[in-house]
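Numbering (the working numbering), first residue to last: 1 to 139.
Don't be surprised by glycine CBs; every beta carbon is placed ideally from N, CA and C.
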Amino acid sequence: MNDRPNDIKRIRPEIPSARVHDQMSSEERFQNETIRPILKLQDPLLIEIFRNYITKHKNVFYDLSIQKRTDYIENAIHKDMKFRNGIKGIIIGQFTVDEYLRYAENSSALNKRMMNIAKERLLSHIQLFERPMVLTKVS
Numbered sequence: 001m002n003d004r005p006n007d008i009k010r011i012r013p014e015i016p017s018a019r020v021h022d023q024m025s026s027e028e029r030f031q032n033e034t035i036r037p038i039l040k041l042q043d044p045l046l047i048e049i050f051r052n053y054i055t056k057h058k059n060v061f062y063d064l065s066i067q068k069r070t071d072y073i074e075n076a077i078h079k080d081m082k083f084r085n086g087i088k089g090i091i092i093g094q095f096t097v098d099e100y101l102r103y104a105e106n107s108s109a110l111n112k113r114m115m116n117i118a119k120e121r122l123l124s125h126i127q128l129f130e131r132p133m134v135l136t137k138v139s
């Protein structure tokens, strides 16, 4: 039997700090109930997508200072529409149909929240984005 909505929700990690209460806006509730768990679930994929982004942009990221790396991540998330749409896709693809319908009601505000959380996740992993070591074969 196809139970996609429950299967999707079942694999999402719980985030104790993402509290939900009656006084919060519908956008904040959606962020904490849906977006944050999905981004936490997709974290390893998000990291690899950004590593690929670095490679496709000629590895200039690796030569930047820490502040410039932060700016680079922010620019990638907020200004590179192809990258931004890819990130939105890995999030929206994990929505249930009901969640998508709620998202579609206010996608502009929710997109801002998604991108800010994605940016924060990448920034929190900035130490993972170091130039890969090239191994040479010793004869």
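Residue i versus residue j: straight-line alpha-carbon distance, rounded
i	j	result
Asn32	Ala118	13 Å
His125	Pro5	30 Å
Asn52	Gln42	15 Å
Leu101	Ile92	11 Å
Arg29	His21	8 Å
Ile66	Asn2	46 Å
Ala104	Arg10	23 Å
Tyr72	Gly86	17 Å
Gln127	Ser108	31 Å
Tyr62	Lys40	25 Å
Lys112	Ala18	17 Å
CB contact flag (residue i, residue j, <8 Å)
i	j	result
Ile90	Leu45	yes
Met24	Ile77	no
Pro37	Ile8	no
Glu48	Asn106	no
Thr34	Glu99	yes
Assigned secondary structure, residue i (DSSP; H/G/I helix, E/B strand, else coil)
i	result
Phe129	coil
Leu64	coil
Gly93	coil
Glu26	One detail in the question is off: residue 26 reads as Ser in this sequence, not Glu. Note: Ser26 maps to helix in three-state DSSP.
Glu14	coil
His78	helix
Asn32	helix
Asp3	coil
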